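So the sequence shown is numbered by my numbering: it starts at 38 and just counts up by one.
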Amino acid sequence: MGDLAGKTALITGSGTGIGLAIAKGMAGRGASVVILGRRREPLEAAARDLEAIAAGAGDGGRVRMFPGVDVADAGAVTAMFGELERDGATVDILVNNAGVSGPVTCFANASEGDFESAVAIHLTGTFWTSAQALRVMRKGGIIVTITTFFAEERPLEQRPYRFRTPYTAAQGAKNRLAEALSVELVDSGIVSVATNPGPVHSDRIYKTVYPKAAAEFMRVGGFGEMSPRDVERACAILLPALGEGDEAAAAAAQKAAGEVGGDAAAMSSLLQKVSHVAEKIQKNTAGMIADGQFLSQDQVALTVMALCEPRLAATINGKVIPGDRVFYPVRPHVAGPAPRGPCGGLGGKAVVIVVGAADEGGCAAAAALGRRAEERGGKAVMVIDAGVPEGLRTGLEAFHSHVADTKKAEEIARWLAAASSMAGGIAGVAHVTGAVPAGTRLCSLDREGWDALVERFLCGPARTARAAMEAMVPGGGADPRLYRGAGGAVIIVGPPLPSGKRPPRDEVARAEVFRGALRPLAATANQELADVLGSKMRLLLALPGSAGGAEPDHSRVADVLDHALSGGAAASSEVIFCTDEARA
38 MGDLAGKTAL
48 ITGSGTGIGL
58 AIAKGMAGRG
68 ASVVILGRRR
78 EPLEAAARDL
88 EAIAAGAGDG
98 GRVRMFPGVD
108 VADAGAVTAM
118 FGELERDGAT
128 VDILVNNAGV
138 SGPVTCFANA
148 SEGDFESAVA
158 IHLTGTFWTS
168 AQALRVMRKG
178 GIIVTITTFF
188 AEERPLEQRP
198 YRFRTPYTAA
208 QGAKNRLAEA
218 LSVELVDSGI
228 VSVATNPGPV
238 HSDRIYKTVY
248 PKAAAEFMRV
258 GGFGEMSPRD
268 VERACAILLP
278 ALGEGDEAAA
288 AAAQKAAGEV
298 GGDAAAMSSL
308 LQKVSHVAEK
318 IQKNTAGMIA
328 DGQFLSQDQV
338 ALTVMALCEP
348 RLAATINGKV
358 IPGDRVFYPV
368 RPHVAGPAPR
378 GPCGGLGGKA
388 VVIVVGAADE
398 GGCAAAAALG
408 RRAEERGGKA
418 VMVIDAGVPE
428 GLRTGLEAFH
438 SHVADTKKAE
448 EIARWLAAAS
458 SMAGGIAGVA
468 HVTGAVPAGT
478 RLCSLDREGW
488 DALVERFLCG
498 PARTARAAME
508 AMVPGGGADP
518 RLYRGAGGAV
528 IIVGPPLPSG
538 KRPPRDEVAR
548 AEVFRGALRP
558 LAATANQELA
568 DVLGSKMRLL
578 LALPGSAGGA
588 EPDHSRVADV
598 LDHALSGGAA
608 ASSEVIFCTD
618 EARA
């Protein structure tokens, strides 16, 4: 009898790839498996294979299939678990595996829709699937969340993943979400763990991620006389032909020449160059692995199944287990308080502060930034989200201020343009999130409540940052050459850690979900700005509060603004500042 006989495992994204490998491993060890995904055909093929494996195991395991279930679709996920609940089913193991490559481009060039779609699948899909699964899970249940080695964090270290900002931000949050769930589910007897696989042999990485990354290098670096936008358009036509043979490549080159302009020979050369760069990316990544080999899908499945052993899972509850084998050298990105030094005058230029905070502390941090900007000879402009309570706006209305719907990128862009026109330019832009509301038990949230948190603490700051970059380098998204040598400062003031002598562990864990999203966002965006685009612009992240529960000192948040505007930030790899982590 297999060690999983009598148990049921539900694996998201299980029609192909890693998810299918995990499902096969579970079925081979006696478990019944529930598979789901967006496309029916792969699921039907997977179900046939799994039924044969289950029959061979001889433990009575069954296979159940839910086609058309996209984890980003709240209704589909809710309906699936509703059906399982009505049938009296119990899920003993949940594996959060579903994902997509998402956009592979510089943060400055990523569309808002692509960013939010990737977050919806990777982060929100994981949260909502986990929350709904609790309806059919019991004591002894195990939740395993699969993330990425690029989101693994060590003290003072981040692993930027160039061209993959929404992906790595969502994955970083998933790591911290696994920790938060472990704290919240203790009384339920349900364990939550995560694992960070390294590069895995798969069509996604060979046919999508690496070729798209190579195409982005070509868009930024240039190819012949083609404009960056034309390179992008051509690559969108050419990339599907990679690995499909000479005839397909020639047809794609002919089509690209007809739609973009130029001749087919030039397009063939572009495709060959993209292929060469993609192979180089793969080779360089393999060079950071001891044996030079990517993981197989079965190796990832083996790790996941090991984490499903009840005694081991209970021992490591709440931990994120590395599974990458990658020796990835990185610069130090995380520091304590920002260095204090001379900051030149702003000459009347605007510092625009977008206030998404709905709490007193966040508004106080925004006011501190405004005062510092005006002390430096700048013009502070507050763009206050309409959701900020009127009673909290009083201290902000002393500055030049506007109330706006900051969920709309065009609204932010409009006020940035107005501020630039009024003040003769923008020196910097800040976005203040405020604190994660106390008592917000994640597992008890409805979908609207969760989406509001993701908007406020991840998508909202990202929207402001992209709008700020475009405002300070007009047209830079479409033409990355404009970023070279260009300056500017973007600051995100993320949620503080809870204060008090012994901050509740669950409150700390919930704040870390979104701090854990913003850290890789900042690290990745800055790697692109500095190393790819050759820009002096920096996107800095200020994280107030301390592990010891100190009350945030808002003047230290303002120090990050000074540092950003002094020019020192452009020469430093440190882009994330834990503003209150200082000894007295």
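Ideal Cβ positions, reconstructed from N, Cα and C, are used throughout, including at glycine.
It should be emphasised that the depicted structure is a prediction, and the values quoted were computed from it without experimental measurement.
Nearest CA to the CA of residue i: which residue from the options?
| i | options | result |
| --- | --- | --- |
| G604 | R620, A454, A375 | A375 |
| E262 | G226, G282, G299 | G299 |
| P541 | E221, A64, S167 | E221 |
| V550 | I158, F436, V473, A351 | V473 |
| C272 | M325, Q309, E448 | Q309 |
| G373 | G471, A278, D617, D488 | D617 |
| G112 | M102, G54, D483 | D483 |
| F144 | P197, A135, V132, F103 | P197 |
| A82 | G67, G54, D96 | G54 |
| K176 | V228, V141, V530 | V228 |
| L279 | R575, G52, T245, W487 | T245 |
| G282 | E253, S305, E269 | S305 |
| S609 | P498, A619, L576 | L576 |
| P234 | E412, E149, V357 | V357 |
| G74 | G537, L57, K61 | L57 |
| G642 | S457, V371, G512 | Only positions 38 to 621 of the chain appear in this structure, which leaves residue 642 out of reach. |
| D124 | A301, V132, E544, R101 | R101 |
| R213 | D96, S225, L479, A508 | L479 |
Could you give the C-beta distance for residue i and residue j, rounded to a whole number, given that I count them as a contact under 8 Å?
| i | j | result |
| --- | --- | --- |
| Q169 | V114 | 6 Å |
| K573 | A523 | 7 Å |
| L275 | A251 | With a Cβ gap of about 11 Å, L275 and A251 do not count as contacting. |
| T561 | T184 | About 15 Å separates the two Cβ atoms, so there is no contact after all. |
| G465 | L598 | 7 Å |
| F614 | L580 | 7 Å |
| A64 | I90 | 4 Å |
| L307 | V237 | 28 Å between Cβ atoms; not a contact. |
| R66 | G39 | 4 Å |
| R172 | F118 | 5 Å |
| R430 | I421 | 6 Å |
| A68 | G98 | 6 Å |
| T470 | G399 | 7 Å |
Across which residues does DSSP place residue i in a beta bridge pair?
| i | result |
| --- | --- |
| D422 | A441 |
| M509 | None, per the DSSP bridge assignment. |
| F614 | A372, A579 |
| M263 | F260 |
| V74 | In the sequence as displayed, the identity of residue 74 is Gly instead of Val. P104, per the DSSP bridge assignment. |
| C527 | For the record, residue 527 in the displayed sequence is Val; it is not Cys. Answer is V466, L576, bridged to V527. |
| A387 | K416, I463 |
| I326 | V363 |
| T45 | S69 |
| N233 | P359 |
| V392 | I421, V469 |
Helix, strand or coil: how does DSSP classify residue i here?
| i | result |
| --- | --- |
| A287 | helix |
| H238 | coil |
| I353 | coil |
| L332 | strand |
| S306 | helix |
| I227 | coil |
| A83 | helix |
| P359 | strand |
| S51 | coil |
| V220 | helix |
| T477 | coil |
| L598 | helix |
| C496 | helix |
| C272 | helix |
| P203 | helix |
| C380 | coil |
| M38 | coil |
| P277 | helix |
| P589 | coil |
| A403 | helix |
| D488 | helix |
| F436 | coil |
| E346 | coil |
| L429 | helix |
Verify the CB distance criterion: does residue i have a CB-CB separation below 9 Å to chain D?
| i | result |
| --- | --- |
| G514 | Among the protein chains of the structure shown there is no chain D, as only one such chain exists. |
Mind pulling the alpha helix (DSSP H) runs of 4 or more residues that sit fully within the region 124 to 192?
-> Runs of the alpha helix (DSSP H) spanning 4 or more residues and lying entirely within the region 124 to 192 occur at 149 to 156, 162 to 170, in chain order.
What runs of the beta strand (DSSP E), each 3 residues or longer, lie entirely inside the region 518 to 569?
-> Listed in chain order, they are 526 to 530.
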